[in-house]
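**Student:** Got a structure for you, questions after.
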Amino acid sequence: MTPPLDADLQAKIEAAGRKAIEFRRQGFHCSESVFLAINDTLHLTDPAMVRLVTGFHGGGGTHRLRLDVNLTASLEAVAAGESPVAPGEAPFVQVGHLCGALASGIVCMGFVHGRTTPADDLTCVDELCFELHRRFEEEFGARECRALRDRYVHSGQYPTCEFIYARGAQLAVELLLTAPQWLPECRKNHP
Numbered sequence: 000m001t002p003p004l005d006a007d008l009q010a011k012i013e014a015a016g017r018k019a020i021e022f023r024r025q026g027f028h029c030s031e032s033v034f035l036a037i038n039d040t041l042h043l044t045d046p047a048m049v050r051l052v053t054g055f056h057g058g059g060g061t062h063r064l065r066l067d068v069n070l071t072a073s074l075e076a077v078a079a080g081e082s083p084v085a086p087g088e089a090p091f092v093q094v095g096h097l098c099g100a101l102a103s104g105i106v107c108m109g110f111v112h113g114r115t116t117p118a119d120d121l122t123c124v125d126e127l128c129f130e131l132h133r134r135f136e137e138e139f140g141a142r143e144c145r146a147l148r149d150r151y152v153h154s155g156q157y158p159t160c161e162f163i164y165a166r167g168a169q170l171a172v173e174l175l176l177t178a179p180q181w182l183p184e185c186r187k188n189h190p
């Protein structure tokens, strides 16, 4: 669907993946790491806007099972691969719905191509979000946090979701940068 990538575009896409992992290793979670990587690559907005996507990590929220659980420390240990816990053994439960890496890609697409009035056209943002969902699921076999963690992390295939962060950022950046070439409605507001 998208045309071949030139070297400059390919470099930006690869940089987004590296940045997502860098942000993860600084302690940010999936939704935050991907948002920051896309933002840093495309210079979209103030990085403090990362707060908008924080709640998407873990598939949309987490609940501690006991009041004495330090949720921040527990989640960081799991995200860093330092405390791999099997489903049902953690001192918390996660919603596990839409992957935070995918959600942040969608947020960035809305930021660039979303509407400011009801009369604005939805074609660009809707087509981009649909295509991001399609590519993400094609690549990973799922779009939901719980299914992705079960498939890759809990199976022992990977210690963390970092590779999903990286590839999620790359998919979103590729679509944002190439959209005007294959989707005429995206020629306005190109990053």
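Using our numbering, read the sequence shown as starting at 0 and increasing by one per residue. Ideal Cβ positions, reconstructed from N, Cα and C, are used throughout, including at glycine. Keep in mind it's a predicted model, so treat the numbers as computed, not measured.
(1) Whose C-beta lies closer than 8 Å to the C-beta of Q25 among residues of the same chain, with five residues either side of it excluded?
(2) When you compare each of L35, L43, L121 to L176 by their alpha carbons, which one comes out closest?
(3) With DSSP as the reference, please indicate the residues paired to H62 in a beta bridge.
(4) Indicate the three-state DSSP secondary structure (helix, strand or coil) for E136 in the structure shown.
(5) For the region 58-70 against the region 108-120, do three or more pairs of beta-carbon atoms, one drawn from each stretch, fall closer than 8 Å, so that the two count as touching?
(6) Determine the DSSP secondary structure at E184, reduced to helix, strand or coil.
(7) Just to confirm, are I37 and A171 a CB contact at a threshold of 7 Å?
(8) Just tell me which of L97, T53, P90, G104 has its CA closest to the CA of G140.
(9) Confirm, please, whether the CB-CB distance from S103 to V33 is below 7 Å.
(10) Between the C-alpha atoms of W181 and M48, what's the straight-line distance to the nearest angstrom?
(11) Report yes if the C-beta distance between C185 and C128 is below 7 Å; otherwise report no.
(12) With respect to the alpha helix (DSSP H) encompassing R23, which residues constitute its N-terminal and C-terminal limits?
(13) Please state whether DSSP places L97 in a helix, a strand or coil.
(14) Using CA atoms only, rank isn't needed, just tell me which of I163, G155, L121, I12 is closest to E31.
(15) Return the bridge partner residues of E75 from the DSSP annotation.
**Tutor:** Considering the structure as presented:
(1) Residues of the same chain with a CB within less than 8 Å of the CB of Q25, apart from the 5 flanking positions on each side, do not exist.
(2) L176 has its Cα closest to that of L43, out of L35, L43, L121.
(3) Partner(s): V92.
(4) In this structure, E136 counts as helix in the three-state DSSP scheme.
(5) Three or more Cβ pairs closer than 8 Å define a contact, and the region 58-70 falls short of that threshold against the region 108-120.
(6) Of the three classes helix, strand and coil, the one that applies to E184 here is helix, per DSSP.
(7) One thing to note: I37 has its Cβ within 7 Å of the Cβ of A171.
(8) The shortest C-alpha separation from G140 is found at L97.
(9) Yes, the Cβ-Cβ distance between V33 and S103 is below 7 Å.
(10) The alpha-carbon separation between W181 and M48 amounts to approximately 29 Å.
(11) At least 7 Å separates the beta-carbon of C185 from that of C128.
(12) Unbroken alpha helix (DSSP H) run through R23: 6-24.
(13) L97 falls in the strand class under three-state DSSP.
(14) Of the candidates I163, G155, L121, I12, the one whose C-alpha sits nearest the C-alpha of E31 is I163.
(15) Paired residue(s): none; E75 is not in a bridge.
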